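Line by line, the protein sequences are chains R and L. To convert, count from 1 in the first sequence and add 5; that's this note's numbering. To convert, count from 1 in the second sequence and add 12; that's this note's numbering. Glycine included, each C-beta is placed from N, C-alpha and C at the ideal position. Just so you know, these numbers come straight off a predicted model, no measurement behind them.
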Amino acid sequence: MTVDKQAPASGSIMVVGGGISGLTTALEAAEVGYEVFLVEKNPYLGGRVAQLNQYFPKLCPPTCGLEINFRRIKDNPNIKVFTLAEVEKVDGSAGNYEVSVKLNPRYVNAACTCCGECAKVCETEVPNDFNFGMDRIKGAALPHEMAFPARYVLSPRIIGTEDARKCKEACKYDAIELDMEAKTITLNVGSVVWATGWEPYDANRIDNLGFGRYQNIITNMMMERLAAPNGPTGGKILRPSDDHAPQSIAFVQCAGSRDENHLPYCSYICCMASLKQATYIRALYPDAKIYIFYIDLRAPGQRYEKFYNKIKEDENVFFIKGKVAEVSEDPESKNITVVAENAVTGEKIHQTVDLAVLATGMQPTAANVRLPADLKYTEDGFIINDFEKGGMFGAGCANKPADVVSSNQNATGMALKAIQTIAKR
Amino acid sequence: MDKKYGVYICTGCGIGEALDVKALCDVPEEEGLPVKTHSCYCGKEGLEEIKKDVADGANTLVIAACSRRVNFDIFKFEGCAVDRVNIREGVVWSHPRSEFPALTEEEKEDEDNFDRVQMMAEDYIRMGMARVEKIKLPEAYKLDNFSNRILVIGGGVTGLSAAIDAAKVGYDVTIVEKESYLGGYAAKVRKQTPVGMPYDSLIPSVVQSKIDEMEKYPGITVKTNTVVARIAGQPGDFTVTLKKPGDKIEFDVPYPLPPEMKVDEKGNELDAEKQHELYLEYNKGRVDILKTDPAGEKFGAVILAAGWRPYKPAAGEFAHLGFGESPDVITNHQFEEMAAKGPVLCPSDGRPAKSVVFIQSPGGDAGDSDFSYAGAVTSMVALKQAKYVREDYEDGKSYVFYQHMRTPGLNENFYKSVQQDPGIFLTKGEVTAVSKNGSGLIIEADNTLLGEKIQVKADMVVLGTGMVPATADDPVVNLAYRQGPAFRDIGLFEGYCDSNFICFPYETQRTGIYAAGAVRRSMTIEESMEDAAGAALKAIQCVECSNRGVAVHPRSGDMTFPDFFFQRCTQCKRCTDECPFGALDDDEKGTPKPNPTRCRRCGTCMGACPERIIGFADYNIDSIGSMVKSVKVPSEDDYSEPPFRILGLVCENDAFPALDIAALKGLSYSADVRLIPVRCLGSVNVIWIKDALSQGMDGVFLLGCKHGDDYQCHFVKGSELAEIRMKKIGDALASLALEEERVAQFEIAIDEYDKVPQIINEFVESVEALGPNPFKGF
C-alpha cells in the first residue's frame, strides 16, 4: 500500500492510552490529516480488549480489528506511537499544551528483529500480568503473539542478573541495551484526549464473594484469558484447583457493581460478557450447567436482546434473579457453593458448582490515581468533559462505563472535539 | 517509469542457517537481476546498502526477509515499488530444519533428491520478482469537481449536533428537515433524561439550546420542509436534489423493481429485457440515476440523522394489555404528547391520571423481552414518565413493571434517584392482563418481587413501545446508485442502518454516508449527541481523503483505485452487482461507470470480472497471475517422485497474520504450498486458479474470513462471494477432467492460528490422495 503523504495540519493531538478507544481517536484524527502522538504505558498497544477472547454479540476476536488498526498506524506517518510511556505533567492551556512524557526502558531497542533468541536463553520467569498472573512468562519476551509493536521487552526484574547478560549475548543484532534508562521528553500539542481506560474492579475487596480465598472463584477477565487460544491454558477453560474441566459454572453478576460499598454505578458490559462467556463454556463442554445470578439482565436493544434470546434457548443455562450474598468452599472437593435469594420466589438458593465467575465491573484508571492534568472527575473517577472549555477530553471508559461499540463511537467523536480545539478556521 | 531492479536476501534470524543462500542468489542472477545479501537488512548497515542502491537509481526492490507485518517502517523507500518476500515467517520459521531436514552432502549428489524448504524459498523469490515486474506506483485519483460541504439529513438533536460539530472546524453544512420546524422528537417532550453528571434528575430538553447554538454558525444552512429526492455521484462530489415532502419530481430516484414484479403470473422470473421494460414503466417520470441534476446542490459527504418514529401497534396487538380495548391504555409516545401539553389525564374522561402503570415488556410469547425497537432508552423513558405523574399530582402514584430494568452505566444514578421516590413502585413482573374496573383499570401481574400474583388498580396504563428507525420505512438517503436507493445490511438490523463491525461503528457499505443517532440504534439524547460527533468526524475525514485521492477505512490511505479496460467489457454487470459498496453504476448498455471515491479498494470487482479487465496499479490480474506462473512445478521429468505443488490464496487481513503468528509459535505446515496474500478473497479471480491448475499445480485453496450474519470480512462480502465462485468453478474443473476437490475454501479467524497448519496439511493430504495433476509436465 502506498503511504498517504498529506502534510500534517497545524497543531498536534496527544492521545493518552493505546487501547481500543485511544487507537480509535488517534487513527480517526490522523486520517483527517492531523499529527497525533499516541502514548501507551504498556509495551504494546491494544489495552483491555487485547486480553479479550471474543467480542459480544458477534463472537469475533478483538485481534481482527486490532490488526486493521495496527496496519492503519503502519501506513500513516501522522501517528507517532510511544509505548512504555506515561504522561508526567501537562502544562499550558487549550490549544497550547506542553506535555512531559516519561519513556520507561524497554531494554530492547529498534534493532530487535523479533527473532526470539533472547527468550530462548532467559531462564527467569516472571508472573504474566497479561494473563492476570495465572501463568509465568520469560523475563525476556514478546508481551503476546499479536503484540504491536512486535518487539521483545525485558522485565525490569531481570535487569542486573546473569540472565540479562545472557540475553544480551544471545542477541546477534545488538538490540539489547541493559543500561537503558527512563527518560523524559516534552511534546507540544494543542489538545489531549485521555483514553486511559479501565481496570477490573479488585475482586479481593468484595469480602463476601470469596475471591482470593477460594481457588475456584475467578473473575470474568480471568475467564477471558482462560478461553483465549493464547491464554494460560491454550483456550481450555479449566478450574484452577485441579485443572479439571468444570461441569457446572456459576456467574455472579454485579460483583461490585450497583453496590454502594463498591461501585455505585452499573458497569455496562458485565451482563453481556457473562452471556458471551456462557457460549465459551458451551463450545467446550456441551453438557455443562451454567447458572447466572443477576439483578437485571442488561441486554438492551435489538442486537443484544437477540443474543440474550439465543442463550436462553440453551436448556442448561439457568437464569436466577437474585444477588449472591455469600459463597463457601467445600475443603475436600474445592467446589463452590453460592448462596442467593431468588428475588421472585423468595426461595433461598444454595447452588454448588465446580467454578464460580465473578462478573466484576470496571473502574476507571483514574479512580485509583488521578491523572497529572487539570481534569474534573466524578466521585468514581470518570472524567467529566467540558466541551465549552475544550482542550482536554476523556474518551471511552475513562469517561463512562461502556461497551466496545459505544466506546468507539465516543472515541471517534472525541477525535473531532480534539480537532475543534486546534483547527484554524 | 524505467524499472531498475535490486534483489536483497537477508540471512539473519535463522535464514542463512536454514537455507542455501548461494542457490537463492542464483534465482535472480539467472534472470539477470542484481542480488545482494546481508546478515541484517533491517540493521543500520544493511539498510544503508539498500538506500545507496536507491540513491543510485534502483526503484524496483525485492526484499526477501521477514514478513511485511514487521519492519514496515524500515523497508519503505520513496518512489520505489517494493515486494517483501516473506522467507522468515513464511519459510524458515514455519518449516524448521528439525522437521524438514536439509539434504546431506551425500544426498545432494543424487539429482533425484530435493529440498522442499529450499524450493519454497526459491519460488517465493521468483514470485516476488514476478510481482514487481508487473506493478506500477500508484497515482492518487483526483476528482474533477470537489465539494467539502456536508449534508445533514434530519434536524433533530442528532442532526443539529452533527452540524454544529462540523461547523466548528470550518465546514459548511446544510441541514434538511422534513418537518416545518427543527428539533425533532426532542422538541416535543416535556422533559428529558439527564445528559451528564450527576445523572440523577430530569432536565429541560437540550434541543432549544442546540438550535440557539446552531444559529451562531453562519456556515450552517437550514432547510425545513425539505427531503432528499436523490443523492447522486460520489464522496467529495455528490449532487443532491432536494424537494418538498410529497412532491413528485423527475429527479426522484428510481426504485428497483419489487420482487413480485420480476415474475410472471406463474412465478417464473421474467427475462432481463422484460424486467427492464417494467422497471422503466415502474419509474415513469423519473430520470435515470446517471443523469445529473443540473440544479442539484454539491456536497462532499452526508450524515444521516433521520431519527425515529414511535412504534404504532397494529390493530389487536397488545390486546391482552388492554391496548385498543380501553382508551386509557396508551403508548409511551401518546403519554409524552399528553404530558408535554399539561397534566396527565385519562383519555377516556379527562379525569386526572393519578395512578399510572408503566409496562416495559409485552409478556406472552415475547418472554422477558422488551417491546420491539426498545432499548435502554425505553427503560429510561418509563422512569422519566413515572416522574411526570409525581410532578402533576402530589398524591400521584406510578408503577413500573419491568422484566429487566435497563439503565446501564451512569444512568444507574437516575434509576436510583427514582427508587427514592416513595410514590413510584418498581418491580420485575410479567403483566398478564389489563381489564376494566369501573372507570379505572385492573392490572394483573405474575412473578413479581412483591409476590407471585398481584393486582394493581390504576387510572391509566402506558406501554413502553419502541423507537422505529426512519430507515425501516423508507430509504431516506435515496441514493442514485445502481444497487438501489437504501443502505445495505438493513435486513440484518431490522431496519436500523447500523454498522456490523464492533470495532468500526461508522463503517457501512455506503462510503461517505454516515448514520448517527436513533436511525441506527435506539439511543438516548445523550448517546445521540455523542454519536453525532463521531459521524461528523467521519464525514470530514471522508471529504478530506476524497480530496487527497486516498481510500478510507479499512485500506485507509491507499492511493490505488480500480482501472477498467472498457474496450473489452462485455457488459455482464457482475462488477456492478457484486461490489459490496455499490461503487459502480452501469449505464443503459451495462457498461460500468466507476465512482472511485465510493470504492474501498477491496478488488471484488477484479475478482468478479470474467474478462479480467479490472485491476489496480499494484494489484492486478497480471501481477498475481505472474506470481502463480512463476512457481516451478516439478514433474516426473525432474524427479522420479516430484513433490506436489499447492497454491494458497490468503486473505491479507486475517489469514495472513494468523500464518505469521503460527510461524512465530513454531507451528509448521506442508512445504509444498505456495501462499499469495490477497486484498480480500472477493478479489480472487478464478483465472488464477485455472492458471495454477493448467500449469500442473495439484490443488488450490482459499483462506479467508468467516461469513454469514456475523461476518468478519472487512469488505463485508468478499469471502462469501469467493465461496460462490468456488462452487461454480467445479464445472470448469470437470470439463478439464479434474476433480472438484482440488479447489477448496476455508474460513479462519485471525486468532485461530493454531488451526491454520492443520487446515493446510489436511488439504495437502486430500490432494495427495487424489494423485498428481494429470496436466503436470505439459
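Ala317 of chain L places its beta carbon less than 8 Å from that of Gly171 of chain L.
Bounds of the beta strand (DSSP E) holding Arg96 of chain L are Ala93 to Asn98.
A straight-line Cα-Cα distance of about 25 Å links Gly720 of chain L and Ser568 of chain L.
Listed along chain R, the residues sitting closer than 7 Å to Ala548 of chain L by beta-carbon distance are Leu421.
The beta carbons of Tyr508 of chain L and Ala547 of chain L sit no closer together than 8 Å. Residue environment: Arg141 of chain R is assigned as exposed (fewer than 16 neighbouring CB atoms within 10 Å of its CB, all protein chains considered).
For the 8 Å CB-CB criterion, Val20 of chain R and Leu43 of chain R form a contact. If you look at Asp408 of chain R, you'll find it isn't in any beta strand (DSSP E); DSSP assigns it neither H nor E. The beta carbon of Arg533 of chain L falls within 8 Å of a beta carbon belonging to chain R, placing the residue at that interface. Within chain L, the residues Gly24, Cys25, Ser51 and Cys52 have their CB atoms less than 9 Å from the CB of Lys177 of chain R, given in chain order.
Put simply, the region 293-313 of chain L touches the region 250-261 of chain L. At least three CB pairs are less than 8 Å apart.
Close to chain R, meaning a Cβ-Cβ distance shorter than 8 Å, are the following residues of the region 557-569 of chain L: Cys557, Arg560, Val562, Val564, His565, Pro566, Arg567, Ser568 and Gly569. Where His50 of chain L is concerned, the enclosing beta strand (DSSP E) starts and stops at Val47 to His50. The alpha-carbon of Val564 of chain L is positioned some 35 Å away from that of Gly386 of chain R. When the beta-carbon positions are compared, Ala528 of chain L and Asp510 of chain L stay at least 8 Å from each other. Interface flag for Leu422 of chain L against chain R is set, since a Cβ pair is found closer than 8 Å.
Contact annotation: Leu64 of chain R and Asp501 of chain L have beta-carbon atoms that are not nearer than 8 Å. Under the Cβ distance rule, Met397 of chain R does not count among the residues neighbouring chain L, no pair being separated by less than 8 Å. Counting only the Cα atoms, Val329 of chain R lies some 7 Å from Glu346 of chain R. By the neighbour-count definition (other C-beta atoms within 10 Å, threshold 16), Gln282 of chain R is a buried residue. Residue-level contact by beta carbon fails for Asp212 of chain L and chain R, as no gap is shorter than 8 Å. Looking from the CA of Val104 of chain L, the closest CA among R:Met397, R:Cys120 and R:Thr88 belongs to R:Cys120.
Contact of His416 of chain L with chain R by beta-carbon distance below 7 Å involves Asp301, Leu302 and Arg303. Our two residues, Val47 of chain L and Val66 of chain L, have alpha carbons roughly 14 Å apart in a direct line. Secondary structure in the region 122-147 of chain L: the alpha helix (DSSP H) runs of 4 residues or longer, each lying completely within the stretch, are 128-146 in chain order. Using a Cβ-Cβ cut-off of 8 Å, Val197 of chain R does not count as an interface residue toward chain L, since no Cβ of chain L sits closer than that to its own.
In the DSSP assignment, Arg737 of chain L falls within the alpha helix (DSSP H) that extends over Gly730 to Ser747. In the three-state reduction of the DSSP assignment, Asp575 of chain L falls in the strand class, which pools E and B. Against chain L, the CB of Ile389 of chain R has a partner CB under 8 Å away; the residue lies at that interface. Gln368 of chain R has R:Glu204 as its beta-bridge partners, per DSSP. Contact annotation: the region 551-559 of chain L does not touch the region 132-152 of chain L, with fewer than three C-beta pairs closer than 8 Å. Sorting L:Lys767, L:Phe577 and L:Ser642 by C-alpha distance to the C-alpha of Phe758 of chain L places L:Lys767 at the top. Under the Cβ criterion of 8 Å, Val275 of chain L is not counted among the residues facing chain R. Along the length of the region 163-245 of chain L, whole alpha helix (DSSP H) runs at least 4 residues long occupy 169-179 and 219-226, reported in chain order.
With a contact defined as Cβ atoms closer than 8 Å, Pro406 of chain R and Tyr273 of chain R qualify at about 4 Å. Within the same chain, and ignoring the five residues on either side of Met419 of chain R in sequence, the residues whose Cβ sits closer than 7 Å to its Cβ are Thr30, Val198, Phe398 and Ala400.
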